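Colleague: Top line first, the protein sequences correspond to chains E and B.
Residues 1 to 608 in full-length UniProt numbering are what the first sequence spells out, letter by letter.
Residues 1 to 778 in full-length UniProt numbering are what the second sequence spells out, letter by letter.
Beta carbons: idealized from backbone N, C-alpha and C, even for Gly.
This structure is a prediction, so every number in the text was calculated from the model and none was measured.
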Amino acid sequence: MKQSSVVVDLLLLLLTISVLTTPAFSDLVLSKVERRIDVTSQFARVTKSLKVVNPGSESVSEFMLTFPKFLGNNLAYLSVKTKRPLANLSVKKADPKGIPDSISVYSVALPKTLSKGDSLTLEVVATFTNVLQPFPEKITQGEIHLVMLQESAQYLSPYTVESQSLSIKLPNARIESYSKLENTKLQGSELKYGPYKNLPPFSYSPIVVHFESKAAFAVAEKLVREIEVSHWGNVQVTEHYNVVHRGAQLKGEFSRLDFQARPNPRGVSAFRHLLARLPPRAHSIYYRDDIGNISTSEMQSDSKKTELLIEPRFPLFGGWKTFFTIGYGLPLSDFLFASEGKRFVNISFGSPMIDLVTEKIIVQVVLPEGSKDISVTTPFAVKQSQEIKYSHLDIAGRPVVVLEKNNVVPDHNQHIQVYYKFSNINLLSEPLMLISGFFVLFITCIIYTRADFSISKSSPTYLAKLQWDEVVATLQEVQSIIQKCLAAHDKLEASLRDLSRTGDIQTCKAARKSTDSLLKDLSKELKPLLAFLQSSPSASHISPKVEELVVKEKELQEKLMAKHTTVVEGYEKKSSGRDIENRIASQQQKIIALRQEIEDLLEFIDEI
Amino acid sequence: MAALESPQPAATATAMRHAFGNVLSVLILVLIGVLAFSIRLFSVIKYESVIHEFDPYFNYRVTQFLSKNGIYEFWNWFDDRTWYPLGRVIGGTVYPGLTLTAGTIWWFLNSLNIPLSVETVCVFTAPVFSAFASWATYLLTQEVKGSGAGLAAAVLLAMVPSYISRSVAGSYDNEAVAIFALIFTFYLYIKTLNTGSLFYATLNALAYFYMVCSWGGYTFIINLIPMHVLLCIVTGRYSPRLYIAYAPLVVLGTLLAALVPVVGFNAVLTSEHFASFLVFIIIHVVALVYYIKGILTPKMFKVAVTLVVSIGMVVCFIVVAILVALVASSPTGGWSGRSLSLLDPTYASKYIPIIASVSEHQPPTWPSYFMDINVLAFLVPAGIIACFSPLSDSSSFVVLYIVMSVYFSGVMVRLMLVLAPAACIMSGIALSQAFDVFTGSIKYQLGRSSNSTDDAEDTNNAPKDDASAGKTDKGEEIVKERSSKKGKKKEREPADKPSVKSKAKKKALVLPLETSIVALLLLIMLGAFYVIHCVWAAAEAYSAPSIVLTSQSRDGLHVFDDFRESYAWLSHNTDVDDKVASWWDYGYQTTAMANRTVIVDNNTWNNTHIATVGTAMSSPEKAAWEIFNSLDVKYVLVVFGGLIGYPSDDINKFLWMVRIGGGVFPHIKEADYLRDGQYRINSEATPTMLNCLMYKLSYYRFVETDGKGYDRVRRTEIGKKHFKLTHFEEVFTSHHWMVRIYKLKPARNRIRGRAKKLKSKTTSAGWSSKSEKKNPWV
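(1) Tell me whether residue 42 of chain E is buried or exposed, calling it buried when 16 or more other Cβ atoms sit within 10 Å of its Cβ.
(2) Using C-beta distances below 7 Å, list every residue in its chain close to residue 550 of chain E, excluding the 5 sequence neighbours before and after it, in chain order.
(3) Take residue 107 of chain E as the anchor and find which of E:428, E:95, E:117 and E:171 has the nearest alpha-carbon.
(4) Are any of the Cβ atoms in chain E nearer than 8 Å to that of residue 747 of chain B?
(5) Exposed or buried, what is residue 534 of chain E when buried is set at 16 or more other beta-carbons lying within 10 Å of its beta-carbon?
(6) Quick check: the stretch 398 to 405 of chain B against the stretch 421 to 440 of chain B, are at least 3 beta-carbon pairs closer than 8 Å?
(7) Against residue 292 of chain E, what residues of chain B qualify as contacts under a CB-to-CB distance less than 7 Å, listed in chain order?
(8) So, is the C-beta of residue 393 of chain E closer than 8 Å to a C-beta in chain B?
(9) Any Cβ of chain B within less than 8 Å of the Cβ of residue 390 of chain E?
(10) Residues of the stretch 314 to 338 of chain E in Cβ contact with chain B at a cutoff of 7 Å, in chain order, please.
(11) Give me the chain B residues within the contact set of residue 359 of chain E, using Cβ-Cβ distance strictly less than 7 Å, ordered along the chain.
(12) Pick helix, strand or coil for residue 596 of chain E, following the three-state DSSP scheme.
(13) Going by Cα to Cα distance, which pick from E:86, E:328 and E:250 is closest to residue 280 of chain E?
(14) Chain B partners of residue 253 of chain E, CB-CB under 9 Å?
(15) Given residue 597 of chain E, which residues of its chain have a CB within under 7 Å of its CB, disregarding the five upstream and five downstream residues?
(16) With residue 611 of chain B and residue 663 of chain B assumed to form a contact (beta carbons below 8 Å), what rounded beta-carbon distance in angstroms separates them?
(17) Decide if residue 572 of chain E is buried, meaning its Cβ has at least 16 other Cβ atoms within 10 Å, or exposed.
(18) Work out the CA separation of residue 721 of chain B and residue 708 of chain B for me, nearest whole Å.
(19) Cβ of residue 256 of chain E less than 8 Å from any chain B Cβ?
(20) In the DSSP assignment, find the beta strand (DSSP E) that holds residue 289 of chain E and state where it starts and stops.
(21) With DSSP collapsed to three states, give me the class of residue 738 of chain B.
(22) Quick check on residue 21 of chain E - is its C-beta less than 8 Å from some C-beta in chain B?
(23) Could you check whether the stretch 295 to 315 of chain E touches the stretch 374 to 391 of chain E, counting it as contact only if at least three pairs of C-beta atoms, one from each stretch, sit closer than 8 Å?
(24) In three-state DSSP terms, what is residue 601 of chain E?
(25) With 8 Å set as the bound, which would you pick, yes or no: does the beta-carbon of residue 295 of chain E sit closer than that to a beta-carbon of chain B?
(26) Between the alpha carbons of residue 351 of chain E and residue 294 of chain E, how many angstroms are there, rounded?
(27) Got a sec, what are the start and stop residues for the alpha helix (DSSP H) residue 564 of chain E sits in?
(28) Kindly provide the ranges of any alpha helix (DSSP H) runs that are 4 or more residues long and lie completely inside the stretch 13 to 101 of chain B, ordered along the chain.
(29) Could you say which of B:260, B:369, B:736 and B:675 lies nearest to residue 702 of chain B if we only look at CA atoms?
(30) Per the DSSP calculation, residue 326 of chain E is bridged to which residue(s)?
(31) Do residue 50 of chain E and residue 124 of chain E have their CB atoms nearer than 8 Å?
(32) Counting pairs of Cβ atoms below 8 Å between the stretch 319 to 328 of chain E and the stretch 576 to 591 of chain B, do you hit three or more?
(33) Is DSSP giving residue 651 of chain B helix, strand or coil here?
(34) Give the DSSP bridge partners of residue 363 of chain E, in chain order.
(35) Could you name the residues of chain E that residue 559 of chain B contacts, counting a contact when the two beta carbons are closer than 9 Å?
(36) By the 10 Å Cβ neighbour count, where 16 or more other Cβ atoms means buried, how is residue 56 of chain B classified, buried or exposed?
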């Protein structure tokens, strides 16, 4: 249906053109027009070289480019250059009077006004999407993918064309049919029309070429590219693709068996791979979708480029859709430059995928927090806006430059520049924030454990706590005193051992005397502490234990003294070692038992 | 902390020792947390950061909904993407603990502008909570047997394979947080029991509430704690502390539990909770008795007892009679199917095929015990013995816990998870006690030998003297150096006893030096073996996400990502409102990954609905088409492993479809699908089997792959090789044929002559006739 409507369009166009009289544009003459249409991929790329001569008397500074409407509506990219001098010319859509609706007109501002007799060669590159119409529109898995191109064998121009030719580069495959006009030649996969001489303005002769296309008709319905610039040394690019196969739709079953059949797989109309050509030194590449990593991808990299071959989860047949995300990091130094006190990011606009048409692209350049004076330069018109994005502990948020454009083809893969001002001090803000955060946390912990947060200083629980603290302190003092006592006992024992070795009774006695006085001092020290413990109500459950401890210690002291006396006496009397031992054996038993008890008690108190 | 309490210089040494010990144990605990977290990351490293298996996908989807729509929308969420055409009230039928936890974490992180996706938060929730769980284990065991045992138990729990299997990164299931909640609730119960503090009792009720939110396994708590209380009362261990630990828990806990929509009035109506109320009554009676005993003279008390007991018996009898009548009036006796199968292990296989069909509801085998708790199985008895010396309230609780969990794990393999913490606690106690004994002996023996060189004479006569003297000298030094908790504990233990006895005991615990060293080495080797096993289990056995399969072949790693391939296909290439029918196993994944409406899913709440799908799968093509068409189904998804040898495919599950379908629609008879009691798909298979939809959808054009139709799972050639589908068409088959999706062909144009006949047929084939459990479609 669509097909026939286009044909009707063409007929209408012809009619209107034939009745048209166009005095306004007839000043210029195109002395030579060469057109070349490349349809090996899913879009049609038209390169024209136009030699413009001004035979008239008035000088001309404007040149009109015209396309049939059905092409003009699908025009994705248009650039006009002159070779000598090498310059890009500005092109804008024009709507002059007297031109029928079925023709789109673009006006080109010439680099210099063409005066009489001057000539100029214009190099025009135009890329059209959606002009290769699948025909038939629905095919089964086994059928080949046929598409149809409609064009005019003669160059549609408001000017007189003296000499022109057209060549169409077809993919190296089957050609179903093509319009045969005069001077039509098919050489291999190249179809030639012309040359045609001296045609009046608005000449038009429609041609239709019907051929097999093996190109991947991959169209990103929507592509969101997020380019996040981090001054810590990384540019992180994340791209979300909604890809659809815009070729002839699949009709009927999809059979994996046929698709994978070895000798002659059926399913040539589907595409399995997409190739992304990433900048060199791209790293940390990932490829995933909503539900996780996609493991079918391959990467090759060298110093000039990084090539990523990705395979969607399933082969895409006509009309099938998929979604995926790729992401990669780039070294900052390759993309960030400084000029005139400003920094600018210089990064390509379009998708890195080869031969991918993007219906709607949204490029978000996320600048570091604190960037100011943001401006963007792009080689072509895009819709611009700004947003704020919050990420990674941001407070003020990061400025985001949002660029939107429809109908993007690989020709749009040109660099854009985002200028901004940024001071390096801002880099430190987040680490400092973290440091201070942790600092505050630890300080709070310290204050909380050290400070007294009880609401009422006279409440019974608070008083009890104070009292308890005192009790604990006292207990610790008691413990330390007992420990000292025990140490003194050990010294006494040691002196006995020395005695048994040296037989020096005097030193032994001296040792005993000193220990005696020490122990007395210690017991004096103990008394007030014990009294305090007895008086304190909160220590009521411990004081008996402590008392027991002190009593036991006293007992142990006495026993030790007795033992000491016995031993010393024994030595004085020169009794045999065995004799002495026999005599102190019973005491020894008790001493050990007491010592054990004291230790147990100490442990018990320690637990409190 | 200890350092802060001791300003006196005299006590600095002990205080320093304490402080140092505290710092050391905090450090060890932090490391344990890191260990628990990182051992669960194998799945992320070996595969990817992705949600695993089936139920986690549902939880993930709920969390996504929660984070997108907020908590109120979540409570009111009626999910029309599942159980078509019935739908499911998610807010009222889901345990919200896990999703609320992850949602809160996500919300918190995002409010700090840390941009983590919901998926990332979900993937890492389980490892984070297993770190929490090991800390909770430390607290619990420390309450029972001191911090040495606590640390040992925490280490063991951090890497016990049974728990790892449920909490690897990506295993976003209820158990992930529930085990933490379980242990923490037990800890707070023991803490309350030990301190008698009402503060901890309140916390305990809150922890119980969290547990109720998280997992249906909360009934384990609400039955175990009453049992312990009863045990304490029976063994004469009643104390006010016990009362404080129990009574607030029942009252607050039940009130809080009733707030969770999925529990609601079940908290007071179902039999699972009756034990707690019964014990609640008993503890009050006992408390009253103790009170009266306190104010009456012994003689008066005796009289009172006889009076009260006689009246009480009558009242009890009446109450019990009423209860029995109430319970008996409900068909299952008020017990839910899963609980009943716990009490009677054969219950499920007899009455509920849908419970029996889940592999994790089967009883475990012996090797699975060794696989899941490994050497702990041998340490547990030692731990139980250690708990009996001396038996305290808290140690009796852990003994009861292990006994009950061993029973439950024997019934259902899934409850191995409840056993794991108990086994870890017991083994921690056992290990710590063993280390105490051995290091103590070594210390003692070393002390003796160093002393004996000094003083040869004394050793003959008074070895004990040397022992104690050496101990204080040496022991203190060692303790100071290592600040070991165990050394301290060793001395503390006998402190409770009379000293003479303790000395005897100490002597008994002393082992020869060589024996101790060898035993220590053996223990360390045992520990090393456990660690190796755990790491192996975490890395190899339990980390597979099950939606991605890998196999190691000669030419490297081969990835089978068929499930996601086909879910992605469904999600992008079918209409958003299309209904997809598959066996219930794939319901959650289809709704979560493909975002398509399913007929049945893993929440098996409606047996009839599942039986309908089972019937369709077991019916011939035409009848199946009619069933599916009546359910508005557009696509049918089957999982087929015959090409690459993936064993858990639909053909292997098919008998369950037949059984469940046959349970509701009697015209599906299991015997029709079996040849001589054997399940076959080869040439000996029955015609019913070879003509059923599942067979046809699985093997459609399979024979053309190799010419013979050799099924690598069943290891046989298929029975019926060449056939055509009349009512279905293949729309997608994944790369390795693991998932095959078919579309229902549109109904044929009616032929004039047949129109009348068909009309009469459709009227009889309404849903109404289904309730009569007849087959309306044949």
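Modeller: To lay it out plainly:
(1) buried
(2) 526 and 530
(3) E:95
(4) Chain E contact via Cβ: absent.
(5) exposed
(6) yes
(7) Within chain B, the residues near residue 292 of chain E are 48, 50 and 564.
(8) yes
(9) yes
(10) 314, 320, 321, 322 and 323
(11) Near residue 359 of chain E there are no residues of chain B at all, since even the closest Cβ is about 16 Å away, more than 7 Å.
(12) The answer is helix: DSSP assigns residue 596 of chain E an H, G or I state.
(13) E:328
(14) The answer, in chain order, is 729, 730, 731 and 743.
(15) 552
(16) The distance from the Cβ of residue 611 of chain B to that of residue 663 of chain B is about 6 Å, consistent with a contact at the 8 Å cut-off.
(17) exposed
(18) 8 Å
(19) yes
(20) 283 to 289
(21) coil
(22) Legend: pLDDT at residue 21 of chain E = 46, less than 50; position of this residue unreliable, value from coordinates given subsequently. With 8 Å as the cut-off, residue 21 of chain E does not count as an interface residue toward chain B.
(23) no
(24) helix
(25) yes
(26) 19 Å
(27) 543 to 572
(28) Fully enclosed alpha helix (DSSP H) runs of 4 or longer: 42 to 46, 55 to 75 and 90 to 93.
(29) B:736
(30) E:239 and E:287
(31) yes
(32) No contact exists between the stretch 319 to 328 of chain E and the stretch 576 to 591 of chain B.
(33) helix
(34) E:225 and E:403
(35) 295 and 296
(36) buried
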